[in-house]
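Residue numbers (the working numbering): 1 to 91.
Just below is one structure, and these are the notes that go with it.
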C-alpha cells in the first residue's frame with residue numbers, strides 16, 4: 001500500500017499537483033509575498049517529580065517534538081531549538 005499523498009502547490013504557472021512521499025519533510029517556514037508563515041505549536045507543561053527539596057515542578061516542552069523549552073511558561077513567538085516551530089497560544 002502506498003503512503004504517498006498528493007498536494008496542491010501554487011506556482012507562477014498556476015496550481016499544480018505534487019506527490020509527497022513519507023521521506024519529505026515540511027519546511028520550517030514558508031515565505032509567501034513577503035510574509036513568513038511558520039509551523040505553530042503550543043508549549044505544553046509536563047510535570048516532573050524531583051527527589052530534592054523542590055518536589056514536583058513543571059517543565060514546558062514543545063508540543064510538536066517534545067524538546068524542553070523552559071521551566072517557566074515561554075512567551076509567544078519563542079522558537080523551539082530542535083524543530084524551529086514557534087510558540088502560539090490559543091486565544
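Glycine included, every Cβ here is placed at the ideal spot set by N, Cα and C.
Beta-bridge partners assigned by DSSP to residue 70: 60.
Taking the Cα of residue 72 as reference, the smallest distance to any Cα among 89, 60, 66 is reached at 60. Short of 8 Å from the beta carbon of residue 75, and not among the five residues preceding or following it, lie these beta carbons of its own chain, in chain order: 87.
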